[in-house]
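2 protein chains.
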Amino acid sequence: MKLLDGGRAPNPRRVRVFLAEKGIEIPIEPIDMSAMEHKGETVTEHNVLQRLPVLILDDGTALTESVAICRYFEELHPQPPLMGAGALDKARVEMWQRRMEMHLLLLVANVFRHAHPAMATWEVPQIKEFSDANRPKVLKTLIWLNDELKNRPFIAGERYTIADITAMIALDFCKPARLEIPQELEQLLDWYERVKSRPSSSA
Amino acid sequence: MKLLDGGRAPNPRRVRVFLAEKGIEIPIEPIDMSAMEHKGETVTEHNVLQRLPVLILDDGTALTESVAICRYFEELHPQPPLMGAGALDKARVEMWQRRMEMHLLLLVANVFRHAHPAMATWEVPQIKEFSDANRPKVLKTLIWLNDELKNRPFIAGERYTIADITAMIALDFCKPARLEIPQELEQLLDWYERVKSRPSSSA
């Protein structure tokens, strides 16, 4: 088994943080996305979409999509549960993971990809107006999330889950996207400090 | 238990098709999205994001996000498996479900929401250039999917899964988005006929 990894990009990092939280170590093969190596033969052979990460199993089976790779490890190593335990909890974690993905990470990515000069060859065409349109939507999500975090320590409840991973990485992604997190969102910033202080955050 | 339902919109329909495939019947409360009823008190009380569908359990717990609601029923009623059986199969189905969502349904929705006159109050601001930018991306996905379907009857493999539901609904959504499915994509159109001929497709 090995993981074709994409370094600092959000999706590869989601899987690495997940594995660190699980205490799972697997061989990692770094792919230099800034050198466009993900468009090369090694990745394309296993993922025609040329995206990372890709998990390659011993029999050659390739799994892509960060959350699907996480699901694989969650099923094989259920402890500690990062995707919920029991029907309702699994559904609730998935709800929050999806909310963090569709209403936060995706929006921050839209801001970044459609405006940052380094993305000009990645996002074609770059549409500055679309980047700008996503900025207030990110802010709206952050304000809502700040309210939600008044009642509990982690995004999906009492326990750290994959929803916290997605949200932490989205907030980290605000910096290159040149999105500021307002200082008055104290609950959100407290939570952010809490998840960033975990050893997994440096994975 | 009851499901706050949103009629013909893609996400509410995903849950109804899923339930039909499972043979599960639950009370459904229709919410008229064209009359903007999802912005009203009933929905907002259970989902501050004002989106549908929302599953309300007997104790008042609300679950949102169509795939998370599907997960809840999959866990309670694993047969027939629509989200995979076993670690690898679950991961593979999730990979395909996400690919169909991020590389197909989301792109079709982008085309529709940023161009259709009926969406002018929903998607603010509407950016026609962004709609247009998504059109060739949809086509690229359809061509890729046509190739994939040369080797197997359903999106994720030998069995009908939630990935087929997402993809079928994305293809249905091409019509209001004014996206044509090229007639030469024979494997894709065969598959489309196959999934549309199932009783669940009318749910």
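Here the protein sequences come in this chain order: G and W.
Just so we're aligned, residue 1 is where the first sequence starts under the working numbering, counting upward by one.
Just so we're aligned, residue 1001 is where the second sequence starts under the working numbering, counting upward by one.
Virtual Cβ for every residue (Gly too), placed ideally from N, Cα, C.
N- and C-terminal bounds of the beta strand (DSSP E) containing residue i
| i | result |
| --- | --- |
| T64 of chain G | 62-64 |
| L1004 of chain W | 1002-1005 |
| E1029 of chain W | 1028-1030 |
| L106 of chain G | Careful: L106 of chain G lies outside any beta strand (DSSP E), inside the alpha helix (DSSP H) at 106-113. |
| L55 of chain G | 54-56 |
Range of the contiguous alpha helix (DSSP H) that encloses residue i
| i | result |
| --- | --- |
| P10 of chain G | 10-22 |
| Q45 of chain G | In the sequence under discussion, the amino acid at residue 45 of chain G is Glu, which differs from the Gln named in the question. Unbroken alpha helix (DSSP H) run through E45 of chain G: 41-46. |
| L1189 of chain W | 1186-1196 |
| I1169 of chain W | 1162-1174 |
| I1143 of chain W | 1128-1148 |
| V93 of chain G | 87-100 |
For residue j and residue i, the rounded distance between their alpha carbons
| i | j | result |
| --- | --- | --- |
| N151 of chain G | L1063 of chain W | 17 Å |
| L247 of chain G | P199 of chain G | One cannot answer for residue 247 of chain G here, as it falls past the ends of chain G, which runs 1 to 203. |
| P1080 of chain W | I1165 of chain W | 14 Å |
| H1077 of chain W | I1162 of chain W | 14 Å |
| K1140 of chain W | L1185 of chain W | 11 Å |
| E65 of chain G | R1098 of chain W | 7 Å |
| K39 of chain G | S131 of chain G | 25 Å |
| E101 of chain G | V138 of chain G | 11 Å |
| K2 of chain G | I69 of chain G | 12 Å |
| L1019 of chain W | G1006 of chain W | 15 Å |
| I181 of chain G | I1026 of chain W | 42 Å |
| A1203 of chain W | L55 of chain G | 36 Å |
| E29 of chain G | L4 of chain G | 5 Å |
| V108 of chain G | A1009 of chain W | 25 Å |
| P1125 of chain W | E1158 of chain W | 42 Å |
| R92 of chain G | M168 of chain G | 18 Å |
| E1123 of chain W | R1113 of chain W | 6 Å |
| A1118 of chain W | Q1050 of chain W | 18 Å |
| S201 of chain G | T121 of chain G | 29 Å |
| E1041 of chain W | H46 of chain G | 48 Å |
| P12 of chain G | V1015 of chain W | 30 Å |
| A1115 of chain W | K1128 of chain W | 5 Å |
| M83 of chain G | T1061 of chain W | 18 Å |
| V1048 of chain W | D89 of chain G | 20 Å |
| I143 of chain G | S34 of chain G | 33 Å |
| V1111 of chain W | A133 of chain G | 16 Å |
| E1075 of chain W | A177 of chain G | 38 Å |
| L105 of chain G | R194 of chain G | 19 Å |
Within chain W, the residues that residue i reaches when beta carbons sit closer than 8 Å
| i | result |
| --- | --- |
| E94 of chain G | E1065, V1067, A1068, R1071 |
| K90 of chain G | R1071, Y1072, E1075 |
Test: residue i CB closer than 8 Å to a CB of chain W
| i | result |
| --- | --- |
| T125 of chain G | According to the sequence provided, residue 125 of chain G is Pro. The question's Thr does not apply to it. Yes, because at least one Cβ of chain W sits closer than 8 Å to the Cβ of P125 of chain G. |
| F130 of chain G | yes |
| P163 of chain G | Here residue 163 of chain G turns out to be Ala, not Pro, going by the sequence shown. Closer than 8 Å: no. |
Partners in chain G for residue i, counting only beta-carbon separations shorter than 7 Å
| i | result |
| --- | --- |
| A1133 of chain W | P125, I127 |
Within chain G, the residues that residue i reaches when beta carbons sit closer than 9 Å
| i | result |
| --- | --- |
| R1113 of chain W | Under the 9 Å cutoff, chain G gives no residues; its nearest Cβ is about 12 Å from R1113 of chain W. |
Amino acids of chain W, ordered along the chain, whose beta-carbon sits closer than 9 Å to that of residue i
| i | result |
| --- | --- |
| V48 of chain G | W1144, D1147, E1148 |
Contact with chain G by residue i, beta-carbon distance below 8 Å
| i | result |
| --- | --- |
| A1087 of chain W | yes |
Contacts that residue i makes with chain W (C-beta to C-beta distance below 7 Å)
| i | result |
| --- | --- |
| R99 of chain G | E1065 |
Residue i: CB within 7 Å of a non-hydrogen atom of the ligand MG
| i | result |
| --- | --- |
| E1029 of chain W | This structure lacks the ligand MG; in fact it carries no ligand of any kind. |
The segment 1010-1025 of chain W: positions lying closer than 7 Å to chain G by Cβ | Hits within the stretch: zero.
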